[in-house]
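First up is the structure itself, then whatever we jot down about it.
And the structure:
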């Protein structure tokens, strides 16, 4: 009997030990990495760059980090292979007050150039030397759009032609295109006019009794975007949803923007397209970067903006126009 | 002359030489051939023992219930036929020179309450079998194991050394460091491509339609081709030839019904299974709903009527499985997938020790991911394989065996994908493969057996070029030094011309889309080197030790950096795996005790970076204890231990530029959100997995009425085995907790 009790005692103890939860350690040693972000806008001469660093937090919520990761004091040089030889530009260091101070209270440090607009298809190289001596480099190509194509954007025969659809057509413009149809408006809030903007969805999709807005994604091949006028009307109605006083709203302007991205920036945007799927928990994360020596993105883009007058529709909804 | 041609020429010369010597040895010898079946149902008894007392020789029946013993002296011999759970039978046969003596024996099942274990002749039969890395399992072997939610053949395989589990949440299995898509799963002779229900938690093959399993963990013989790692051959039942009988089963997850009975000239079997609740499924994922709906159906007709065609057997079978995962939330995606097989088989014995078969089959799979508004990408996979093969097997008087066959397969694969920048692409491939094999088994000496085979394979013969010719030579041998000890070895080259577009970095593989290897990649190949030793110091004690090294080339890896339409969907990778396996079995009536341990290491090399794949579990231990308590009661316990699987750890965070609107927005100044930085792939290890399951079963038999009740307790000590943790919250998502389960089965 003693042997049996001893035997049972051992078994119970082994089971108790085994049933203990092993602690999993999702984190390993912190890795300090620097990031450079710069997307050259080829339709303007004002360019911006930022440099940040990685950080660690207690727990798993990175939003708890309150230490400003934006770096000042770096030297950023931009070299452009123009037909007239290599042109070198140096970014200036500055800061602005943050509009959102929920995480970081300090001013936002960034770098800018006021006099660089690429007009030719030469390589653009960026090089950032950090205060600690580390170097980040990357190369890309500018987006150059023929003025004729810009002038004829939209006016070319739209297709498909439907009376109840608004079509934007950019035949001849190559690259990774992302369309954005925007309504800018102000709303009277206790006597103050507050600026807002609404992006009109590509269409609304009724899935399982829920109406969902679907926005355009990057299109490498398709050369047009069309919007159902009912979709535009629905989006405009949403601006003042459940507000009977429509005169509190002034629609400032409505316009379509065609953004043409280089391959680096298009890939960067595309790599962020994650989705909600409770079954597909990924063990890895997409993190595209074309930076050498760190992370971030160095790309180029060109934006073509076209006003889209919708005065009749706006007034029919009771809104004021500018 | 190419290396392939030289290999084939040498092989044919060897076969010719051996054939000459085989015939010269044929002198006044006869052959005993037979078929062993259940006396009540007429169902074939696979792997039954046949033992000739006077010669101390024997054989096992094959999965069809047939056996053949060649090179017997002309005399009167006493043959003992035995099978676990059946009364042994003794026959007297008179062997005549140059003749085949046919035996048809029907064994009567013992009463459940008085069941005994008989293994007469088994050791003799295994003298020179070239069966390295092969496990033969009958459905009776599985009956006493803890059944879990319900008995699942894939779960049973995971108790074998060298077979890694996908955890409680997946019935997928990983053999000797290879991915799950490198396992060939044959339903009779038809490959089946995604045989899983409920997102992989359960196998789609209902054990009640199975007669036996043959599982090669590696080094499989040349009659099997098309996969790099392992072969699981599921042999289905033929049905009751003597009377109509039915079977109904109920578990906490599914309800099922089977009907079998005589058919003019043969028998039929028809059965189906359907889930009715997701209560159990929730337990697999921290009580999160799994809106899964599935069913499977199996039907088979057999005709074996000597009046119609002597010694011939025809069978026609079909299998269908369907799964749907339909979420109510439109922000979540839906899935649906189906398997369908249809097979016709003609099997013929001849007056000589020759049998041959012709098999025509269709296997199709279709799967779809419907994104709804989840933001995921639409995906559709359709896969159809039409196959015909003819095989023969001839036993020489010397006991040597010559086997061969040809196979022609036409495959159509269609896959739509949407890449990360929203561009839809389609892989639409059609291909024909043609192959032929020849195998010679040298079995004339009782202390040595060898199996030399070669298969010449032409694949992607149609479908826009890219035809590839591959020769697959394979060698297996057994050297029995003394009756108690055998050394075994195997070497071979293996190729796989069908691959999956599945991402191993998804924690749950709902289904794997199959395609023909795209033309920009050569078909994956592997070389296996296996050595083993089998020790049987006593009739009730055995030890098996096997070591292996496997090298893999041109593995098709999903390109996780496919951002543009011209980027390939798959990129080539390579890999290697090696390990050591140990298994011992001990029988001391009424106990059966099995211990197995394996150590393995698996590595992948992709884009020049070496990492362990997510199924690289280094240490595995399985302990199984079964006991027959008498009076229809039996009990079993199983403890499984797996050392931690690899995962990728967090190294920090950064504020990532995440612009949503870019045209009229200074996004470089205001569009940042926190992002997780990861370490090198899979350098961390999850906690170890272990679980104890207990089972108590009672079988009741009153005349033809049989009933069984199985009570199981899964994860007895409520081990919190980790499935994954959420990176955003650090929350643990655990697998199956302590869970009692019950299975009820009624047979009439």
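Protein chains in written order, with the working numbering: chain S, 15 to 336; chain U, 33 to 780. Even glycine gets a Cβ: it sits at the ideal position worked out from N, Cα and C.
Chain-ordered listing is empty here: chain S has no CB closer than 9 Å to the CB of residue 323 (chain U), the nearest sitting near 10 Å. For residue 709 (chain U), the closest Cβ of chain S is nearer than 8 Å. Using a Cβ-Cβ distance cut-off of 8 Å, the region 263–274 of chain U and the region 60–76 of chain U are in contact, since at least three pairs of beta carbons, one from each stretch, lie closer than that value.
Residue 632 (chain U): member of the beta strand (DSSP E) spanning 623–638, first to last residue.
Minimum Cα-Cα distance from residue 134 (chain S) among the listed residues S:227, S:93 and S:157 corresponds to S:157. Put simply, of U:697, U:293, U:586 and U:671 the residue whose alpha carbon is nearest the alpha carbon of residue 745 (chain U) is U:671. Of all residues in the region 62–92 of chain S, only 62, 63, 64, 66, 67, 68, 69, 70, 71, 73, 74, 75, 76, 77, 79, 83 and 84 place a beta-carbon less than 9 Å from a beta-carbon of chain U. Looking at the backbone, the Cα of residue 634 (chain U) and that of residue 602 (chain U) are separated by about 21 Å. Look at the beta carbons and you see the region 376–391 of chain U touching the region 416–425 of chain U: at least three pairs across the two are nearer than 8 Å.
Distance from the CA atom of residue 679 (chain U) to the CA atom of residue 764 (chain U), rounded to whole angstroms, is 14 Å.
The continuous beta strand (DSSP E) containing residue 661 (chain U) extends over residues 651–662. From the beta-carbon of residue 687 (chain U), the residues of chain S found nearer than 7 Å are 66 and 83.
A Cβ-Cβ contact shorter than 8 Å links residue 65 (chain S) with residue 88 (chain S).
For residue 114 (chain S), the number of other beta carbons within 10 angstroms of its own is below 16, and it is reported as exposed. When the beta-carbon positions are compared, residue 333 (chain U) and residue 300 (chain U) come within less than 8 Å of each other. Residue 233 (chain S) has its alpha-carbon roughly 35 Å from the corresponding atom of residue 256 (chain S). Beta-bridge annotation (DSSP): residue 648 (chain U) is not paired with any residue. Nearest C-alpha to residue 668 (chain U) among U:694, U:696, U:644 and U:626: U:626. With respect to chain S, the C-beta atom of residue 330 (chain U) has no partner C-beta closer than 8 Å. Looking at the DSSP output, residue 314 (chain S) sits in a beta bridge with S:54.
Counting every other CB atom within 10 Å of its CB across the protein chains shown gives residue 161 (chain U) a total of 16 or more, marking it as buried.
Rounded to the nearest whole angstrom, the C-alpha separation of residue 211 (chain S) and residue 374 (chain U) is 60 Å. Residue 169 (chain U) and residue 286 (chain S) have their C-alpha atoms roughly 49 Å apart. In the structure shown, the three-state DSSP call for residue 304 (chain S) is coil. Interface residue (Cβ-Cβ distance to chain U less than 8 Å): residue 124 (chain S) is classified as such. Here residue 99 (chain S) is exposed, its C-beta having fewer than 16 other C-beta atoms within 10 Å.
Residues of chain S whose Cβ lies closer than 9 Å to the Cβ of residue 694 (chain U) are, in chain order, 53, 192, 194, 271, 273, 275, 279, 283, 315 and 317.
Listed by position along chain S, the residues whose Cβ is nearer than 8 Å to that of residue 698 (chain U) are 62. Here residue 624 (chain U) has 658 as same chain residues with Cβ atoms under 6 Å from its own Cβ, once five neighbours each way along the sequence are excluded. Residues of chain U with a Cβ closer than 7 Å to the Cβ of residue 36 (chain S) are, in chain order, 719 and 720. Out of U:214, U:441 and U:760, the CA that lies nearest to the CA of residue 493 (chain U) is found in U:441. The Cβ atoms of residue 171 (chain U) and residue 84 (chain U) do not sit closer than 8 Å to each other.
The beta carbon of residue 682 (chain U) sits closer than 8 Å to some beta carbon of chain S. In this structure, the alpha-carbon of residue 404 (chain U) lies about 7 Å from that of residue 366 (chain U). Sixteen is the threshold: since fewer than 16 other Cβ atoms of the shown chains lie within 10 Å of the Cβ of residue 384 (chain U), the residue is exposed. Taking 8 Å as the threshold, the shortest C-beta distance from residue 44 (chain S) to chain U falls below it.
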